[in-house]
Amino acid sequence: MLDEPIIQALITEVSGAKRYRHIDAAIVEQVCREEAQKRNKPKEAAKAAKRRLHQMTGAYCDKHIALSFAPDEMAALCAAHASTKERLPFAGEMFADIRQQVGGMERVADLACGVNPVLYVAECLRANLPLPRFYAAYDIRHDVLEQVRACFDHFGMDGTTGVCDLLTDCPDVAADVTLLFKIVPLLERQQKGRFEQVIAQANSPFVAVTFPTRSLGGKNVGMAPQYRRFFAAYLQRAGHRLVFEKEYPNELLFLIEKEEA
Ligand SMILES: C[S@@+](CC[C@H](N)C(=O)[O-])C[C@H]1O[C@@H](n2cnc3c(N)ncnc32)[C@H](O)[C@@H]1O
Numbered sequence: 617m618l619d620e621p622i623i624q625a626l627i628t629e630v631s632g633a634k635r636y637r638h639i640d641a642a643i644v645e646q647v648c649r650e651e652a653q654k655r656n657k658p659k660e661a662a663k664a665a666k667r668r669l670h671q672m673t674g675a676y677c678d679k680h681i682a683l684s685f686a687p688d689e690m691a692a693l694c695a696a697h698a699s700t701k702e703r704l705p706f707a708g709e710m711f712a713d714i715r716q717q718v719g720g721m722e723r724v725a726d727l728a729c730g731v732n733p734v735l736y737v738a739e740c741l742r743a744n745l746p747l748p749r750f751y752a753a754y755d756i757r758h759d760v761l762e763q764v765r766a767c768f769d770h771f772g773m774d775g776t777t778g779v780c781d782l783l784t785d786c787p788d789v790a791a792d793v794t795l796l797f798k799i800v801p802l803l804e805r806q807q808k809g810r811f812e813q814v815i816a817q818a819n820s821p822f823v824a825v826t827f828p829t830r831s832l833g834g835k836n837v838g839m840a841p842q843y844r845r846f847f848a849a850y851l852q853r854a855g856h857r858l859v860f861e862k863e864y865p866n867e868l869l870f871l872i873e874k875e876e877a
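The sequence shown begins at 617 in my numbering and counts up by one.
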């Protein structure tokens, strides 16, 4: 365990790093403190904290582009973030599947959202569908949330954005469906079983959970069968009903209806 002045220096170093400056300061501090507690050497603690923060966010959205809301620009913004870039080719199909099963997506809660809310809005506009009546978007990166906020404002949407670390918190926002896209593997790496509490606390009858089926490099390394087994075991434990499952070119969707709904 390191002394407090050394921990303070560690927090200053990590939060000042270009790569992590967009992550909410309280989360950076918490990660630094947790890693400092496990180690005696400041350098090792700094390395471990940076590795964790990179796993949480850095690997997925390193690049940023200026925001505009013409269709091409919205697509470019989504293409600058790995998760939405991979979804671009089939996003319309995936959102239509969820909408059909849920019976409308008027109120959406999007947790660990990245820029997916921008993609959802772009797809609604492309398909000539009304925008959601309410969209709540949460992440731990301020830059992402600013982009989403700007999108909501531009289209005059009733939307809310906020910082929420799903490892410790879950927003209580009533919605038709809660989206948990590609975040469960990240949470599992940090805290086993945490996603079960997040789903339990989600204030919506339906929860849409997705998993990547290819590595970031695009390789098929048998992730789909592994996540199918993982999620089937969870569903058996939790007792939720699987209403829809589909594998898209690089993403596996499970739509569940919560037991208490
Ligand atoms: C793999 S991306 C998925 C983004 C989006 N859900 C999608 O599929 O397009 C992971 C996102 O989760 C956010 N994130 C990582 N750890 C988080 C946590 N503990 N709580 C909330 N958001 C987190 C990251 O900042 C990043 O935007």
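For each residue, glycine too, the CB sits at the ideal point set by N, CA and C.
Item: If you follow the alpha helix (DSSP H) that D713 is part of, which residue opens it and which one closes it?; Value: 707-718
Item: Within the same chain, show all residues whose beta-carbon is closer than 7 Å to that of L871, passing over the 5 residues directly before and after it, in chain order.; Value: I714, Q717, F822, A824, V859, F860
Item: Under 7 Å Cβ to Cβ from T673, same chain only, skipping five residues before and after it: list those, please.; Value: I639, I756, R757
Item: Compute the beta-carbon to beta-carbon distance between V800 and F771, rounded to the nearest angstrom, for a pair I have assumed lies under 8 Å.; Value: Their Cβ separation, rounded to whole angstroms, is 29 Å, which puts V800 and F771 out of contact at 8 Å.
Item: On the three-pair Cβ rule with 8 Å, is the region 806-818 touching the region 778-790?; Value: yes
Item: Helix, strand or coil for Y850? Go by DSSP, reduced to three states.; Value: helix
Item: Less than 7 Å between the CB of K798 and some heavy atom of ligand 1, yes or no?; Value: yes
Item: Relative to the C-alpha of D759, which residue among F750, H697, F711 is closest?; Value: H697
Item: Which residues in the same chain have their Cβ closer than 7 Å to the Cβ of A695, if we skip the five residues on either side of it in sequence?; Value: K701, L704
Item: Between which two residues does the alpha helix (DSSP H) containing R703 stretch?; Value: 698-703
Item: In this structure, does DSSP put M617 in helix, strand or coil?; Value: coil
Item: Run through DSSP, which three-state label would Y843 get?; Value: helix
Item: Helix, strand or coil for A633? Go by DSSP, reduced to three states.; Value: coil
Item: Using only CA atoms, which one of K659, L669, K654, Q624 lies nearest to K634?; Value: L669
Item: Pick out whichever of P865, L747, Q653 has its Cα sitting closest to the Cα of M773.; Value: L747
Item: Which of the three DSSP states, helix, strand or coil, is assigned to T776?; Value: strand
Item: Apart from the five residues on each side of it in sequence, which residues of its chain come closer than 6 Å, Cβ to Cβ, to T777?; Value: A753, L761, V764, R765
Item: From E645 to L802, what distance separates their C-alpha atoms?; Value: 19 Å
Item: Would G855 and E875 qualify as a contact pair, given that the criterion is a beta-carbon distance under 8 Å?; Value: yes
Item: Would the C-beta of D755 count as close to ligand 1, meaning under 7 Å from any of its heavy atoms?; Value: yes
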